[in-house]
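Participant: The structure's right below; bear with me while I get my questions together.
Quick look at the structure:
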C-alpha cells in the first residue's frame, strides 16, 4: 500500500479553510438558500415595480403620500426597512443557527468530528462559508436595487456610489455579527431557530423603542450606527425610534460589532468543542 | 499494549443507560463487537471514537484519552452506522474532502481517495453523485473514507448492513487483510456469522454490559452447554416425537399444530438422528427444521441466565 497522504494534522487556519471549502457549495445549493434567495429577491421586485411606475407615470419623481421622493431616498428607505431591520437578521438567524444543527440533523457531523481537526475549526469554517454564502445572496440584491432606484427622479449613480459601498460594508458587518451570535445560539440552545426569531423579531425591535442601556444588548443598535442613510420617518414606530434615538458613532459601532462577532464566535467554538452531539438513530 | 482500555465506563442519556460499568481491554488485531440492536454497540463505538464522553469511568484508545483529543483521529478511521452523506457530491469528491481534513495537499488527498475507492471496488462509480448510489455502494464509500488515510485502527459500525453478498464477501476479505497487515479493526455487528467470518476474537454486549470477551468458539461452547431447542414441522409430528423420546439426549417435547418442539442437550447427536429420519422417510415428510437458538438473542439469554 502507498504512503499515507499526510503525516501531520493541518493547522487551525488550514482546517478552517478546508471546512469552508467543503461547506460552501453545500450551503449555497441548499433548500434554505433557495428560499432565502426568494426573500432577498423581494426588494428587487419592489424596485422593478417602482422603476416601472416611474417610467410610465405622469411625474418626474415618485410620490409617497403626495410628496415627491427621490430614488436615492427610497433606496435608503429600503436599506433601513428591508435589509437592516429584516433581511440581514433573518439571514443571520436561519443560517447561523443551522451551522452545526444541520450537520447534526443530517447526521454528517460524525465525519467532521472524527478527523484530526479541532471542533472549533469546524464551526469557524462553516461560519465563513455562511458569510460568503449570505454575502453572495445579499450583495447582488442590494446592487440591483441601487441601480434600479437611484436614477429615479434624476439621481446620480456616480455620486451615490460611495454610499453603496458603505451600505455593502455595513450589511456584511451585520451578517457577520448576526451570524456569529446565532452560531453561538445554535451551538448552545436546543431550539435555536425559535430563540433566534424571538430575538430578532421580538427583543430587538422592542428594546430599541425604549431609552436606556437595554438596547446595547442588541446587534441592531450597533448596526444602525453604520447605516449611511437617514432613519426613515414613515411610521409611528420610526418616529418613536427617532425620539429615543441614541445612535452610536461609526467607530464605537464598528468596535462593538467586531467585539460582538469575535466574542460570540469564540463562545460558539468553545461550546461546540465541549458538547456531546447524540445523533438520532 | 491494549488497543482500547475501558475502566468502569458508564454512559447515560438522561434516565436511559447506554453503557453500564464496562471494564475491558481490547487487544491489537481484529475484534468483533457483537450484540443485538439496542445492546449498546453504537454507544460503545461513539465513546471509543470520542463523539461521546463517558458519564463515568475512563476510556483510552491507542494509549491516550480520546475525548477532546483530535490528534488521535489521525490514527483512527471511523465508518459510522448512519446512512448520511453530502448527497450532491460525487464519491471521489466526498472522500477527497474528508481526507483533506487529515492534512496534506489536494493531490495527495485525491490519490488517497482514489486508492480507497479502489479498495472498496467503487472506482467505476467514483464520479457518480452519492445521491445516486445504491445502499451497498453507500456503505462502501463510507468504508473508503474511513480507510483512505490508512489509520492504525479502523472502527467499523455495522459495515456490512445493506451490502449484497458479493460486496459483503469482499468487505470481509478487506477487513481480514487489513488485520493481517498488522493494523487493528474493531467491527460491530448483530449477526454472529458475519463476525465469525472476520475474527475469532469477540466482545459480546447486551443491555449496556459486556457479557463475554474472548474467542468466538468459547461462546459457541457456551451455547452448546445449554439445552438447544429445535422446531420441526412435519407430516407426522407425533410419530417423530415417539422416536425422539427413546433417545437420551432429548430433554423435553411439546407439540404445536403440525410441529414438534424438541429440547436437546446434545444438538450434534440430535441433528444426526433427525437427518437419518428425514432420509429414511419412514415417518413421513419433514417440511421444515428451524432452531430459535441459532439467533444471537438466544445466546444472550443463555449468558444472562
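Residue numbers (my numbering), protein chains in the order written: chain A, 25 to 305; chain B, 133 to 437.
Where is the CB? At the ideal position from N, CA and C, for every residue including glycine.
So, are the CB atoms of residue 63 (chain A) and residue 114 (chain A) less than 8 angstroms apart?
Facilitator: Contact: yes.
Participant: Report yes or no: is there a C-beta of chain A within less than 8 angstroms of the C-beta of residue 203 (chain B)?
Facilitator: Interface residue, yes.
Participant: Which one of B:148, B:152, B:232 has the shortest CA to CA distance from residue 139 (chain B)?
Facilitator: Checking every option, the nearest Cα to that of residue 139 (chain B) belongs to B:152.
Participant: Buried or exposed for residue 298 (chain B), please, with buried defined as at least 16 other CB atoms from any protein chain shown within 10 angstroms of its CB.
Facilitator: Flag for residue 298 (chain B) reads exposed.
Participant: Following the continuous beta strand (DSSP E) through residue 53 (chain A), name the residue where it begins and the one where it ends.
Facilitator: Premise fails: residue 53 (chain A) is in no beta strand (DSSP E) and is neither H nor E.
Participant: Work out the CA separation of residue 67 (chain A) and residue 165 (chain A) for me, nearest whole Å.
Facilitator: Taking the straight line from one Cα to the other gives about 7 angstroms.
Participant: Straight-line CA distance for residue 395 (chain B) to residue 388 (chain B)?
Facilitator: Cα to Cα, the separation comes out at about 14 angstroms.
Participant: Assign residue 188 (chain B) to one of two classes, buried (16 or more other C-beta atoms within 10 Å of its C-beta) or exposed (fewer than that).
Facilitator: Classification for residue 188 (chain B): exposed.
Participant: Any beta-carbon of chain B closer than 8 angstroms to the one on residue 300 (chain A)?
Facilitator: Yes, residue 300 (chain A) lies at the interface with chain B (some Cβ there is under 8 angstroms from its Cβ).
Participant: What's the gap between the Cα of residue 300 (chain A) and the Cα of residue 289 (chain A)?
Facilitator: One C-alpha to the other measures close to 18 angstroms.
Participant: State yes or no: is the C-beta of residue 294 (chain A) within less than 8 angstroms of the C-beta of residue 140 (chain A)?
Facilitator: No, Cβ-Cβ distance for residue 294 (chain A) and residue 140 (chain A) is not below 8 angstroms.
Participant: Can you check DSSP and say which residues form a bridge with residue 392 (chain B)?
Facilitator: For residue 392 (chain B), which the question treats as bridged, DSSP gives the partners B:364, B:387.
Participant: Do residue 248 (chain B) and residue 279 (chain B) have their C-beta atoms within less than 8 angstroms of each other?
Facilitator: Against a cut-off of 8 angstroms, the Cβ pair of residue 279 (chain B) and residue 248 (chain B) comes out as a contact.
Participant: Going along chain A in order, which residues have a C-beta closer than 9 angstroms to the C-beta of residue 217 (chain B)?
Facilitator: Residues of chain A passing the Cβ test: 130, 132, 135.
Participant: DSSP on residue 299 (chain B), reduced to helix/strand/coil?
Facilitator: The answer is helix: DSSP assigns residue 299 (chain B) an H, G or I state.
Participant: Strictly below 7 angstroms CB to CB, what residues from chain A border residue 206 (chain B)?
Facilitator: Chain A residues near residue 206 (chain B): 33, 140.
Participant: Once you ignore the five residues that flank residue 168 (chain A) on each side, which residues in its own chain have a CB closer than 8 angstroms to its CB?
Facilitator: Answer for residue 168 (chain A): 68, 71, listed in chain order.
Participant: Scan the stretch 43-60 of chain A for residues whose Cβ lies nearer than 8 angstroms to a Cβ of chain B and list them as they occur along the chain.
Facilitator: Taking 8 angstroms as the Cβ-Cβ cut-off against chain B, the residues of the stretch 43-60 of chain A that qualify are 43, 45, 46, 49, 50, 53.
Participant: Determine the closest residue to residue 287 (chain A) out of A:204, A:81, A:120, A:226, with distance taken between C-alpha atoms.
Facilitator: Comparing Cα-Cα distances from residue 287 (chain A) to each of A:204, A:81, A:120, A:226, the minimum goes to A:204.
Participant: So, is the C-beta of residue 403 (chain B) closer than 8 angstroms to a C-beta in chain A?
Facilitator: No - not a single Cβ of chain A is within 8 angstroms of the one on residue 403 (chain B).
Participant: Could you tell me which uninterrupted beta strand (DSSP E) segments, each at least 3 residues in length, are contained entirely in the stretch 157-200 of chain A, listed from first to last along the chain?
Facilitator: If we require 3 residues or more, the stretch 157-200 of chain A turns out to have no beta strand (DSSP E) run fully inside it.
Participant: Judging by CA-CA distance, which residue of A:111, A:56, A:129 is the nearest neighbour of residue 214 (chain A)?
Facilitator: Cα-wise, what sits closest to residue 214 (chain A) is A:129.
Participant: Fully enclosed by the stretch 180-206 of chain B, which beta strand (DSSP E) runs are 3 residues long or longer?
Facilitator: Complete beta strand (DSSP E) runs here, min 3: 188-193.
Participant: Using DSSP with H/G/I as helix, E/B as strand and the rest coil, what is residue 342 (chain A)?
Facilitator: Within the shown structure, residues of chain A are numbered from 25 to 305, placing residue 342 (chain A) beyond reach of any answer.
Participant: Does the beta-carbon of residue 243 (chain A) have 16 or more other beta-carbons within 10 angstroms, so that it is buried, or is it exposed?
Facilitator: By the neighbour-count rule (16 or more Cβ atoms within 10 Å), residue 243 (chain A) is buried.
Participant: By the DSSP assignment, the beta strand (DSSP E) with residue 158 (chain B) in it spans what residues?
Facilitator: Note, residue 158 (chain B): beta strand (DSSP E), 148-158.
Participant: In the DSSP output, which residue or residues are listed as bridge partners for residue 145 (chain B)?
Facilitator: In the DSSP output, where bridge partners are listed per residue, residue 145 (chain B) has B:148.
Participant: Count the other CB atoms, across all protein chains shown, that sit within 10 Å of the CB of residue 118 (chain A); report buried if there are 16 or more and exposed otherwise.
Facilitator: So residue 118 (chain A) counts as buried.
Participant: Using a C-beta cutoff of 8 angstroms, does residue 198 (chain A) count as contacting chain B?
Facilitator: Not an interface residue.
Participant: Specify, as a first and last residue, the run of the alpha helix (DSSP H) that residue 100 (chain A) falls within.
Facilitator: Note, residue 100 (chain A): alpha helix (DSSP H), 95-102.
Participant: What number of angstroms, rounded off, separates the C-alpha of residue 27 (chain A) from the C-alpha of residue 141 (chain B)?
Facilitator: Its pLDDT being 44, under 50, residue 27 (chain A) is placed unreliably by the model, and nothing is read from it.
Participant: Would a C-beta distance cut-off of 8 angstroms place residue 273 (chain A) and residue 210 (chain A) closer than the cut-off?
Facilitator: No.
Participant: Measure the Cβ-Cβ separation of residue 349 (chain B) and residue 329 (chain B) and say whether it is below 8 angstroms.
Facilitator: Result no, Cβ atoms of residue 349 (chain B) and residue 329 (chain B) do not sit closer than 8 angstroms.
Participant: Assuming residue 242 (chain A) is part of the beta strand (DSSP E), what are its boundary residues?
Facilitator: First-last for residue 242 (chain A): undefined, no H or E at that position.
Participant: Between the stretch 367-400 of chain B and chain A, which residues of the former have CB atoms less than 9 angstroms from a CB of the latter, in chain order?
Facilitator: Against chain A - using a Cβ distance shorter than 9 angstroms - the stretch 367-400 of chain B contributes no residues.
Participant: Give the secondary structure of residue 178 (chain B) by DSSP, where H, G and I count as helix, E and B as strand, and everything else as coil.
Facilitator: In this structure, residue 178 (chain B) counts as helix in the three-state DSSP scheme.
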